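A.B. asks: Before we start, here is the structure in question, set down as structure tokens.
Have a look at this one:
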């Protein structure tokens, strides 16, 4: 059965990170829902406007196998200010679902209180925002069902790690080849 | 003075390629216009809907310093079927502007007749679509004002090459660092 992931989109999201995750997961056969924090088109940190599939108000985040947060400034600030996002992340974590964040967005996982004692990474220089976690300067860090990563340049590695977890290593390798990715 | 680039967006465009180029060029201070082949939101090859800044009918492509084509299937087919796209590419090339295409889209440059005797690359396996060119299996190929590249996994390298040409090596290095890119 196909796995389902939800990507939460706030104004100021990082465009490369958001599209890389959705594109790569869909290439792997994962059903991905892009949920905007509000209705209508959402503008990214570099002015690209994306029309989400639905809004956060219309979905039940806990029904997904993975909840994913892209970075971007002020995207991550807007994610962290929304109680529904913090609740979605916390509930998904408690239910053992995959919770993933990239760039500045791992700070939102810290705000949700789920990084205590966990290994995690974040955009270089922002380590102090990983309250309670063990910050690592690696491109992608997995700790149990938590996946964190550093920035637009690590987005494909981040996305392929999620494919590995949701679908398997073979599919991740197959998708990687189709992307002409090198790392 | 800021340089201006235009990215042409057709239904079925490759999302990682399109957003990587726009995002990276804007990080470098290049003014980028996303022009849809038709009005309204344009859906990518993996279902992501982007709202372009304008339409191809409303701009004069020859006024830009660079004309850029993302790949994606059927995006590249839709680009190649549109006489306005072929004309825009040909005119830009004749005026000495930068003409760039990634993934399957270098085939559109071949259709426009501007690859004769030129070094170029394309998505691996599609080399026969580079009619008249000298196909190379490199991740990014420059030949004069022509820049071609292979796929989503080479999109950051492609975009940073365009930054080098439009702004300079120092800015490209600076943007690369901010992306946490490795190559």
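Protein chains in written order, with my numbering: chain G, 5 to 187; chain L, 5 to 187.
All C-beta atoms in this analysis are idealised placements derived from N, C-alpha and C, irrespective of residue type, glycine included.
Because the structure is a prediction, the values reported are computed rather than measured.
Against residue 165 of chain L, what residues of chain G qualify as contacts under a CB-to-CB distance less than 9 Å, listed in chain order?
C.D. replies: Per Cβ cutoff of 9 Å: no residues; residue 165 of chain L is ~15 Å from chain G at best.
A.B. asks: Based on Cα-Cα distance, which residue from L/95, L/35, L/117 lies nearest to residue 64 of chain L?
C.D. replies: Of the listed residues, the one whose Cα sits closest to residue 64 of chain L is L/95.
A.B. asks: Taking residue 24 of chain G as part of the alpha helix (DSSP H), name the residues at either end of that continuous run.
C.D. replies: 19 to 31 is the span of the alpha helix (DSSP H), which, as asked, contains residue 24 of chain G.
A.B. asks: Return yes when at least one heavy atom of the ligand MG lies under 8 Å from the C-beta of residue 178 of chain G, else no.
C.D. replies: With respect to small molecules bound, the structure shown includes none, and the ligand MG cannot be examined in it.
A.B. asks: Where are the alpha helix (DSSP H) runs, 4 residues long or more, that stay fully inside the stretch 137 to 169 of chain L, in chain order?
C.D. replies: List check, alpha helix (DSSP H) in window: nothing returned.
A.B. asks: Taking 9 Å as the CB-CB limit, is residue 58 of chain G close to chain L?
C.D. replies: Not one chain L Cβ lies under 9 Å of residue 58 of chain G.
A.B. asks: Around the C-beta of residue 91 of chain G, are 16 or more other C-beta atoms found within 10 angstroms, so that it is buried, or is it exposed?
C.D. replies: Answer is exposed; the Cβ neighbour count stays below 16.
A.B. asks: With three or more C-beta pairs closer than 8 Å as the rule, is the stretch 180 to 187 of chain L touching the stretch 47 to 63 of chain L?
C.D. replies: Flag = no, the stretch 47 to 63 of chain L and the stretch 180 to 187 of chain L do not touch.
A.B. asks: If you draw a straight line from the alpha carbon of residue 101 of chain L to that of residue 148 of chain L, how long is it in whole angstroms?
C.D. replies: Approximately 10 Å between the Cα atoms of the pair.
A.B. asks: Out of G/118, G/144, G/116, point me to the one whose CA is closest to residue 127 of chain G's CA.
C.D. replies: Selected option, being the one with the closest Cα: G/144.
A.B. asks: Quick one: Cα of residue 12 of chain L to Cα of residue 40 of chain L, how far?
C.D. replies: Those two C-alpha atoms are separated by around 6 Å.
A.B. asks: For the stretch 148 to 168 of chain G against the stretch 116 to 124 of chain G, do three or more pairs of beta-carbon atoms, one drawn from each stretch, fall closer than 8 Å, so that the two count as touching?
C.D. replies: Enough Cβ pairs lie closer than 8 Å, so yes.
A.B. asks: Considering only the alpha carbon of each residue, which of L/54, L/141, L/98, L/15 lies closest to residue 86 of chain L?
C.D. replies: Selected option, being the one with the closest Cα: L/15.
A.B. asks: Short check: CB of residue 19 of chain G to CB of residue 54 of chain G, under 9 Å?
C.D. replies: Yes, Cβ-Cβ distance for residue 19 of chain G and residue 54 of chain G is below 9 Å.
A.B. asks: Does the distance from the C-beta atom of residue 156 of chain L to that of residue 160 of chain G stay below 9 Å?
C.D. replies: Against a cut-off of 9 Å, the Cβ pair of residue 160 of chain G and residue 156 of chain L comes out as a contact.
A.B. asks: Cα-Cα, which of L/120, L/74, L/21 is closest to residue 189 of chain L?
C.D. replies: Because residue 189 of chain L is not part of the residues shown, which for chain L are 5 to 187, the question remains open.
A.B. asks: Could you tell me which chain G residues have their CB closer than 7 Å to the CB of residue 193 of chain L, listed as they occur along the chain?
C.D. replies: For residue 193 of chain L there is no data in the structure shown, the boundaries of chain L being 5 and 187.
A.B. asks: Counting along the chain, where does the alpha helix (DSSP H) carrying residue 182 of chain G start and finish?
C.D. replies: Start and end: 173 to 183.
A.B. asks: Terminal residues of the continuous beta strand (DSSP E) containing residue 53 of chain L?
C.D. replies: 53 to 55 is the span of the beta strand (DSSP E), which, as asked, contains residue 53 of chain L.
A.B. asks: Exposed or buried, which one is residue 114 of chain G when buried takes at least 16 other CB atoms within 10 Å?
C.D. replies: When all chains shown are included, residue 114 of chain G counts as buried.
A.B. asks: Applying the criterion that 16 or more other CB atoms from any shown protein chain within 10 Å of the CB defines a buried residue, is residue 98 of chain G buried or exposed?
C.D. replies: It is exposed - the Cβ of residue 98 of chain G has fewer than 16 other Cβ atoms within 10 Å.
A.B. asks: For residue 123 of chain G, which of helix, strand or coil comes out of DSSP?
C.D. replies: In this structure, residue 123 of chain G counts as strand in the three-state DSSP scheme.
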